[in-house]
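Working notes, structure below.
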Amino acid sequence: ILSSHLCLSTGDVIGYEGGSVTLSCSFTTSSTAPFLFWYIQHPNGSPKYILRRHTFGASDTAAEFQDRFDANIEKTMVPLTIQRLQLTDSAVYTVH
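Numbering of the sequence shown is given in our numbering, commencing with residue 72 and proceeding in unit increments.
Printed below as a string of structure tokens:
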């Protein structure tokens, strides 16, 4: 591993079914071109891959999340936007 990432978020985010939210994440890294991965974890479940972003455009989003989840690296931020919120979106989100 060439770099380490630490996500500092604003804590709980409240949204409404059908609406949208943006989860903030600021990170530190020694890399000039970091790869960042967002995961979702429901209670009693394992983390599940949502998407990968890279500074220079190498990105990927899991098929089940492509329609509603998006993120872009903006300097030291990688906010995750979720559109058309569903009750099943209520979970813990992490960045690695």
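Glycine residues also receive a C-beta, built at the ideal position from the N, C-alpha and C atoms.
Provide the residue(s) that pair with residue i in DSSP beta bridges, ordered along the chain.
i    : result
I85  : In DSSP, I85 forms no bridge with anything.
V170 : With the chain running from 72 to 167 in the structure shown, residue 170 is simply not present.
I153 : V92, F140
L107 : R124
In chain order, what residues of the same chain have a beta carbon less than 7 Å from the beta carbon of residue i, not counting five sequence neighbours either side?
i    : result
L94  : S80, V84, P150, L151, Y164
R124 : L107, S130, A142, N143, I144, V149
Determine the DSSP secondary structure at residue i, reduced to helix, strand or coil.
i    : result
A133 : coil
With distance defined between alpha-carbon atoms, name the residue in the options nearest to residue i.
i    : options                : result
I144 : Y120, F136, T103, Q154 : T103
T126 : F106, A162, G82        : F106
F98  : F108, Q137, D141       : F108
Q92  : K119, Q154, S161       : For the record, residue 92 in the displayed sequence is Val; it is not Gln. Looking at the Cα atoms, Q154 is the closest of the given residues.
R139 : K146, G82, L122        : L122
E135 : K146, G128, D160, G86  : D160
Give me, in chain order, the residues of the same chain whose beta-carbon lies closer than 6 Å to that of residue i; leave out the 5 immediate sequence neighbours on both sides.
i    : result
H113 : A162
G244 : This structure cannot speak to residue 244, because the chain is shown only from 72 to 167.
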